[in-house]
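See below for the structure under consideration.
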Amino acid sequence: MFLDFMSEVEGILKEGLDRCGLSVSLENSLDLSPHADLSTTVAFRLSPALKKSPKDIAAEIYSSMGSPSRWVDRAELVGPYINFHMSRSFLDHVVLEAQGEDAWRGRMSGSVIVEHTSANPDGPLHVGHIRNSVIGDTIVRILRRAGYSVESQYYVNDMGRQTAMVVWGCDHLDLDDSKPDHAIARVYIAAHRIMNERPELSAEVDELMRRYESRDPETVEKFQRAAKYAISGIESTLHRMNIHHDSYKWESEFVWDGSVDEILDMLERTGRTVLKDGALQLDLSEEGFEKSLVLRRADGTTLYTTRDLAYHKWKAENYERVVEVLGADHKLVSAQLRTALRILGIKEPEVVIFEFVSLPDGSMSTRRGKFISADELLDEVEKQAYIEVTKRRPEMDEDFRKEVAGKVAVGAVRYDIVRVSADKATMFDWKAALDFEKLSAPFIQYSHARACSILKKAGDLDEFDPGLLRDDHEISLIKKIAEFDLVIDRAARELKPHQLATYARELAERFNLFYRYDPVLDAKPDELRNARLALVRASRNALSATLETLGIEAPESM
RNA sequence: GGACCCGUGGCUUAGCCAGGAUAUAGCACCGGGCUUCUAACCCGGGGGUCGCGGGUUCGAGUCCCGCCGGGUCCGCCA
57 MFLDFMSEVE GILKEGLDRC GLSVSLENSL DLSPHADLST TVAFRLSPAL KKSPKDIAAE
117 IYSSMGSPSR WVDRAELVGP YINFHMSRSF LDHVVLEAQG EDAWRGRMSG SVIVEHTSAN
177 PDGPLHVGHI RNSVIGDTIV RILRRAGYSV ESQYYVNDMG RQTAMVVWGC DHLDLDDSKP
237 DHAIARVYIA AHRIMNERPE LSAEVDELMR RYESRDPETV EKFQRAAKYA ISGIESTLHR
297 MNIHHDSYKW ESEFVWDGSV DEILDMLERT GRTVLKDGAL QLDLSEEGFE KSLVLRRADG
357 TTLYTTRDLA YHKWKAENYE RVVEVLGADH KLVSAQLRTA LRILGIKEPE VVIFEFVSLP
417 DGSMSTRRGK FISADELLDE VEKQAYIEVT KRRPEMDEDF RKEVAGKVAV GAVRYDIVRV
477 SADKATMFDW KAALDFEKLS APFIQYSHAR ACSILKKAGD LDEFDPGLLR DDHEISLIKK
537 IAEFDLVIDR AARELKPHQL ATYARELAER FNLFYRYDPV LDAKPDELRN ARLALVRASR
597 NALSATLETL GIEAPESM
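Residue numbering for the first sequence follows the numbering used here, starting at 57 and increasing by one per position.
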């Protein structure tokens, strides 16, 4: 929709530039503006080279530009700016297109792998982990919406010391019958405590790790059973938040199938490795890293980084775009990893880094048992949501109120996370988490429910003429609906899901204004009623597509 | 000590990568709106030296340099 309008504007503008003999890239030279539907400031950029005032240049381009087209009504010259306005037929086209479900598919194609969450299987997800999950899952949904074929993947760190600690704990302590990931955490925390008191026992953990790496069958069974048990709990939390992974990739696979050895060979062949104190290291000082990267320990065992290089080689070979979501603590290792991949000539991943979520008294730690679990958060928010639904819809039965509370709770948690740019460090705050005001999912869900309610009461929709939708609220709503594809396109390119959250709020806002000022069911004459009904349906579709892409359910009534 | 990220009204936040026309919203505060399609809504008001100082530019919240404050990282851990 909007992208079609934009393409035509580009064409018209380009014609003007060509006729003036000017060549300038139109990339990023068109902006949304409060003064027009699209606006350009190219004249400013051309000014120094042409030694003419931006105003004169704009006037020259303007007078040579192509004529208005299907979707472009007119361009106007305002000083140094050239502003473009949508045509009536474009607005009509948007309303028509938005009647169907297939209006929301993007133009991109190709395969993408998105790795997210990938928390160690040593306990439940906490409120820090789910920032990764929500950002990751929203990116998955945005990329799918944009047209890509997307595989979402959980990378299981089964070869680390954490997992070995869990296995040792399961060997020596009893798992209680609480949710699997919580039971595993208790064993893991207890194992740490015991190791602190009796450090000599840590040799047993080392032995477990050694046996696992050498693929001792009995040890393999133990590790995988423990990890799978933890993951089953993690998975149920993710499912509750509408997050599903298409596949799980186990770190150990790359050691056992020879990929890690292959990577080590490749690295040695670059001539950039050195043997220092018996350990194989990659010197990255040329690339600006102080310390060299250790690839293989003196005792011959592999390291996380090396296994990760093998994993990335696999990703690069199987997908056109490689995306991963990582916490800020991984910035340095991720940069080193990308540098090593560059040296090897392997495609580097696009890394989305999110800053930390801290508690008022410091950062979270699974090992120390200091965290607020995602389950606890969801339970509390759901409880609060149930109170709110009951207050607002006391006449509805309990099943209804429970169902709505569940959808509102998940939506509120997801929206609260995704609305903030990933590079902002945040502080977890119960008060804010339990607040369902405007900057929150229920605001958007509510708009959707209102639209559904009107459509339900209206019954079947007759023929309609979108040309009758002419007042400010109608037009600004149509324009916002049109913007969906632009937002998806940008968010998919830049991997910034918070842009979609902002859009969702703006869309709901404009629908609410339309709802407030333009009666639909009682509109006279019937032709106007039908046109408005069509706009309600277009809005409902846009809201539901937006919510779906945010991983938030769109209740028809709430 | 070095590297990266952040600093926008009392609090939270968009805009910054690709510099342009009155700086985006929410919460809180003050005031108004339900015989009218769900008031989880809408309207009005007050509140901003865009951390500080330089620089580039016709023009800087946006780019560059320095500083200050906060976060994160700098293991033969993962």
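By construction, the Cβ of each residue, glycine as well, lies at the ideal position given by its N, Cα and C atoms.
Source: prediction; values computed, not measured.
For E583, the CB contacts under 7 Å within the same chain, skipping 5 residues up- and downstream, are D521 and L524 in chain order.
Here W312 is exposed, its C-beta having fewer than 16 other C-beta atoms within 10 Å. DSSP, read as helix, strand or coil, puts Q155 in coil. Cβ contact annotation for I245 (same chain, cutoff 7 Å, sequence separation greater than five): R423 and G425, in chain order. About 50 Å separates the beta carbons of V212 and K70, which is beyond the 8 Å limit, so they are not a contact pair. From the listed residues A478, A335 and G203, the smallest Cα separation to L359 is found for A335. Here G401 is exposed: its Cβ has fewer than 16 other Cβ atoms, across all protein chains shown, within 10 Å. Remark: C-beta atoms of Y210 and H301 approach each other more closely than 8 Å. For V576, no pairing in a beta bridge is given by DSSP. Rounded to the nearest angstrom, the gap between the Cα atoms of R457 and T293 is 21 Å.
Excluding its 5 nearest sequence neighbours in each direction, L340 has C-beta neighbours in its own chain below 7 Å: S348, L349, Q392 and T395, listed in chain order.
Looking at the DSSP output, D87 sits in a beta bridge with S95. When the alpha-carbon of S189 is set against those of L199, A202, T605 and A175, the nearest one is in A175.
Burial is judged here by how many other beta carbons sit within 10 angstroms of a residue's own beta carbon; E438 has at least 16 and is buried. The way I'd put it, the segment 440-448 does touch the segment 463-477; three or more beta-carbon pairs between them come closer than 8 Å.
The Cβ neighbour count for A384, taken over all protein chains shown within 10 Å, is under 16; the residue is labelled exposed. Nearest to I240 by C-alpha distance, out of D272, F279, R506 and A99, is F279.
Rounded to whole angstroms, S600 and H504 show a C-alpha spacing of 7 Å. For W312, the enclosing alpha helix (DSSP H) starts and ends at E307 to W312.
The shortest CA-to-CA distance from D479 to any of G216, L231 and V407 is the one to V407.
Residue pairing by DSSP places E346 in no beta bridge whatsoever. Comparing C-alpha distances from D321 to each of D485, P255, G289 and L365 shows the shortest one belongs to L365. Note: K332 is bridge-paired with A335 in the DSSP secondary-structure output. Burial is judged here by how many other beta carbons sit within 10 angstroms of a residue's own beta carbon; N597 has at least 16 and is buried. F492 sits away from R561, with the two beta carbons spaced by 8 Å or more.
Comparing alpha carbon positions, the residue from L257, R585, D453 and A159 closest to D60 is A159. Straight-line measurement puts the Cα of K108 at about 16 Å from the Cα of S79.
Contact between L556 and T602 is confirmed by a C-beta separation of about 7 Å, below the 8 Å threshold.
D237 is the residue among G192, F140, K580 and D237 whose C-alpha sits nearest the C-alpha of A286. When DSSP reads this structure, E519 sits in no beta bridge, so it has no partner.
Per the C-alpha coordinates, the member of S315, L82 and V261 positioned closest to A99 is L82.
Restricting attention to D262, D233 and I117, the CA atom closest to the CA of G289 is found in D233.
P611 counts as buried, since no fewer than 16 other beta carbons sit within 10 angstroms of its beta carbon.
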